Amino acid sequence: MMTTNLDEAARAIVTGGKGILAADETVRTLSKRLSARSIESTEDSRRDYREMFFSTPDIGAFIGGVIMQDETIRQKSSTGMPLVELVNAQGVIPGIKVDDGAKPMAGAPGEYITEGLDGLRGRLKEYYGLGARFAKWRAVIVIGDGLPTRRCVVANAHALARYAALCQEQGFVPIVEPEVLMNGAHSIDRCEEVTGDVLQAVFAALFEHRISLEGILLKPNMVVAGRECSVKPSVDAVAQATLRTLARHVPAVVPAIVFLSGGQDHVLATEHLNAINALPEPKPWKLSFSYGRALQDEALEIWHGKKENVVAGQRAFYHRAKCDSAAALGKYQRTMETSATEATIH
Ligand code: 13P
């Protein structure tokens with residue numbers, strides 16, 4: 004039965020401490036990141052950048068899935084191999100971002116609704132043919148004065164459920180990503196309250212739309228304070244608030260929760276994940292990572308658009324993925340960072 008296949012596929016992505024590389028920045032977002040470092044953004048430079056990550060030797064030890072986006076999934080490597088095949092050859096499962104981005108929501112000033120449901124069934128069929136086996140849809144929730152509104156939370160939860168239903172119909176594991184943004188000066192307590200409300204609404208909608216929860220992956224934010232909040236919670240406080248919120252709102256049959264990094268410093272994102280996994284409380288789901296910036300930023304700095312820096316960039320990515328994978332097992336130690344400079348790829 005399809006449901007069983009999806010359960011297995013969902014578990015395979017996160018088996019043995021593996022996580023996901025989110026490499027699905029749109030052309031616009033990636034171009035911004037490249038030009039911020041004076042790297043020209045072209046079809047080829049974006050391909051070279053992605054190829055650096057996908058071809059990192061032995062990365063399949065720590066990464067079980069890669070999220071691509073429309074341009075990347077159609078591209079070939081510099082040696083002419085489709086990037087999807089390159090990813091498959093590493094033992095990594097290719098996935099695809101299928102939403103059309105968060106757009107300002109009518110009647111909800113300062114809030115966003117993610118678009119992209121129209122024609123999604125057809126796009127999924129095409130992506131399946133191109134080799135993708137899981138998908139991603141990101142909803143964005145803003146904390147602010149009087150925000151989020153209930154209508155924004157409910158509309159985004161509904162869209163996530165309709166997306167997830169189409170994914171499962173077409174044989175994809177849906178990554179369900181409701182992201183409560185770190186932007187703002189809100190406290191960790193406020194983040195906990197909003198994250199709980201959002202998760203509750205999301206699972207109500209998933210239930211309403213008859214989603215098989217065994218065949219999804221949840222990609223939430225961690226419960227953290229806003230970036231501009233003057234009180235910085237400890238790693239332990241973040242871990243406790245995050246696990247408490249998930250335990251209250253996420254059904255136990257969900258196979259795995261793969262956090263986004265959301266703009267956290269890369270080492271802190273590792274430490275938080277490790278601390279969550281090290282807590283003694285019951286954890287019915289695997290707790291792993293689906294990081295974008297936290298996995299890529301060091302390698303991007305090192306690479307700087309230059310061929311001669313690819314191996315050094317890969318070394319940085321390999322190291323970060325290794326640390327995050329250790330954190331997904333609760334076995335990360337800060338001393339792993341000091342050995343980074345001597346790290347070799349094999
Ligand atoms: P970050 O880890 O950079 O937040 O990206 C993850 C992601 O896929 C956001 O949609």
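Note that the numbering used here has the sequence shown beginning at 4, numbered continuously upward. Built from N, CA and C at the ideal position, the CB exists for glycine as well. In this text, all values refer to a predicted model and were calculated from it rather than measured experimentally.
Contact check, residue i vs residue j, beta carbons under 8 Å
| i | j | result |
| --- | --- | --- |
| THR248 | VAL227 | no |
| GLU211 | ALA164 | yes |
| TYR335 | ASN277 | yes |
| GLY20 | ALA259 | no |
| GLY134 | VAL197 | no |
| SER48 | LEU89 | no |
| LEU127 | PHE56 | no |
| ARG40 | LEU298 | no |
| LEU263 | GLU180 | yes |
| LYS139 | ILE70 | yes |
| ILE23 | GLY68 | yes |
| GLY187 | GLU129 | no |
| GLY63 | GLY94 | yes |
| GLY113 | LEU150 | yes |
Per-residue DSSP class, three states only, for residue i
| i | result |
| --- | --- |
| SER38 | helix |
| HIS349 | In this prediction, HIS349 scores a pLDDT of 45, lower than 50, which makes its location untrustworthy; the coordinate-derived value is nonetheless stated afterwards. Reduced to three states, the DSSP call for HIS349 is coil. |
| ARG77 | coil |
| VAL241 | helix |
| VAL156 | helix |
| LYS325 | helix |
| LYS128 | helix |
| LEU202 | helix |
| MET4 | With a pLDDT of only 36 at MET4, under the threshold of 50, the placement of this residue in the model should not be trusted, and no figure is reported. |
Beta-ladder partner(s) of residue i, from DSSP
| i | result |
| --- | --- |
| PRO112 | None; PRO112 has no bridge partner. |
| ILE144 | VAL183 |
| TYR359 | What is shown of the chain runs 4 to 349, which leaves residue 359 out entirely. |
| PRO107 | TYR115 |
| MET71 | ILE99 |
| PRO177 | ALA138 |
| VAL261 | SER291 |
| ILE66 | GLY22 |
Presumed contact (8 Å Cβ cut-off) between residue i and residue j, rounded CB distance
| i | j | result |
| --- | --- | --- |
| ILE191 | PRO236 | 5 Å |
| ASP102 | ARG53 | That belief does not hold up - the Cβ atoms of ASP102 and ARG53 are roughly 19 Å apart, past 8 Å. |
| LEU220 | VAL261 | 5 Å |
Nearest to residue i (by Cα), restricted to the options the options
| i | options | result |
| --- | --- | --- |
| LEU184 | GLN267, ALA15 and LYS310 | GLN267 |
| ALA109 | ILE96, ARG154 and ILE99 | ARG154 |
| GLY382 | ILE16, PRO60, VAL145 and VAL261 | The chain is shown from 4 up to 349; residue 382 falls before or after that span and cannot be answered. |
| ALA331 | ALA272, LYS309 and ILE62 | ALA272 |
| ALA25 | LEU209, ALA324, GLY333 and MET84 | ALA324 |
Cutoff 8 Å: residue i Cβ touching any chain B Cβ
| i | result |
| --- | --- |
| ASP27 | Within the model displayed, chain B is absent; a lone protein chain is all it includes. |
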